Amino acid sequence: MDFEAIAQYKKVIGGISMKILKKVLLASAVSAGVGFAGAAAAADLAASTPPSWTGFYAGANIGYGWDSGSVKSSMRATDPTADGVVAALLAAGSLPRSLSPSVHGFIGGGQIGYNWQLSDGWLLGAETDLQASGIDDSSTAGRVPAGFDPTLTTVTKKIGWFGTVRGRAGYLITPQWLLYATAGLAYGDTTIKFSTVDVTGCVVGGTICADGSSSSTRVGWTVGGGVEAMLTQNWSVKAEYLYVDLGKKSANIASFTSPIVFHSSAHFHEQIVRLGLNYHFE
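Note that our numbering has the sequence shown beginning at 41, numbered continuously upward.
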């Protein structure tokens, strides 16, 4: 079985899929921008008085996120008598030291916030949001180490959900159009999964196989920016980009056939683009 060829094929296909998704996303963003401009222009013509941005608002959003970071893995013996076997396995290359899943997926959620419109055109605000996330992917690699059975190893990175608490600062380039920057706290559910199997079969005391996962809520930071257009006195739409850093997550997965523990770790650095709709309370 040519594991290297299979892994290369999956990598090429994954790369093509990611390029297609990014092109679709870019086209959608451009179309949305055109729609925003037309709606804002219509609001300019129809509005008898400039809209007020001051006050509470709430809304919903939908978007897309991706993470290009790798998952690094290592192994160690829990019994000193197995140290030699672990050293030989590592030297033979039976364990992929780094795999790079094409982590991506759609997100959706809601936000609430408050704006303070200043007299000189500047705006200050605070916003919090909570998102459901489909950002995840797996990567698999096969190895045929000299002197050992062939192995198949899979790692997965996943963001189950995330949220932010941010400040916003922007400038009204017209009474209806706001350009803003945003930064603050981020938190989210992170998961790493790891599995490795002996292709000939998993036998207690005779092979090295493992399968498990680790999840935890991590706290980090976020920064980004966007544009928001007031369509009426109460409704606005926005397009936003966020960089979300949830730090480094580690997982220790014990083999169920031998006295060995696998250690996997990855940085969770997410890039988010989303469109939102807000209702402004008077």
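Where is the CB? At the ideal position from N, CA and C, for every residue including glycine.
If you're wondering where the values come from, they're calculated on a predicted model, not measured in any experiment.
Neighbourhood of residue i by C-beta distance below 6 Å, restricted to the same chain and skipping five residues each side
i	result
H307	G109 and K288
A226	T204, G260, W261, T262 and V284
P190	V184 and V239
S255	T231
Reduced DSSP secondary structure (H/G/I, E/B, other) of residue i
i	result
G252	strand
A291	strand
H309	strand
A128	helix
A181	strand
D285	strand
G145	strand
A186	coil
D176	strand
T121	helix
G133	coil
DSSP beta-bridge partners of residue i
i	result
A223	G207 and V263
D160	Partner(s): none; D160 has no beta bridge.
T231	K198 and S255
S304	S113 and A291
N155	G95 and G165
Between the CA atoms of residue j and residue i - distance to the nearest angstrom
i	j	result
A117	G150	46 Å
H144	T89	43 Å
R258	S140	21 Å
L212	H303	50 Å
T121	S290	26 Å
I147	Y104	6 Å
T5	V237	The structure shown has nothing for residue 5, since the chain only spans 41 to 322.
8 Å CB neighbourhood of residue i in its chain, flanking five on each side removed
i	result
W156	T94, L163, L164 and G165
Y319	Y97, A98, G99, N274 and W275
G245	T297 and S298
Same chain only: Cβ atoms within 7 Å of residue i, ignoring 5 sequence neighbours per side
i	result
D119	P299
(request) Spell out a yes or no on whether the stretch 291-306 and the stretch 259-271 are touching, meaning 3 or more CB-CB pairs, one atom from each, closer than 8 Å. (result) no
(message) Measuring CB atoms only, is the stretch 170-177 touching the stretch 117-134, in the sense that at least three cross pairs come out at less than 8 Å?
(response) no
(message) Assess contact between the stretch 304-319 and the stretch 223-237, defined as three or more Cβ pairs (one per stretch) separated by less than 8 Å. Is contact present?
(response) yes
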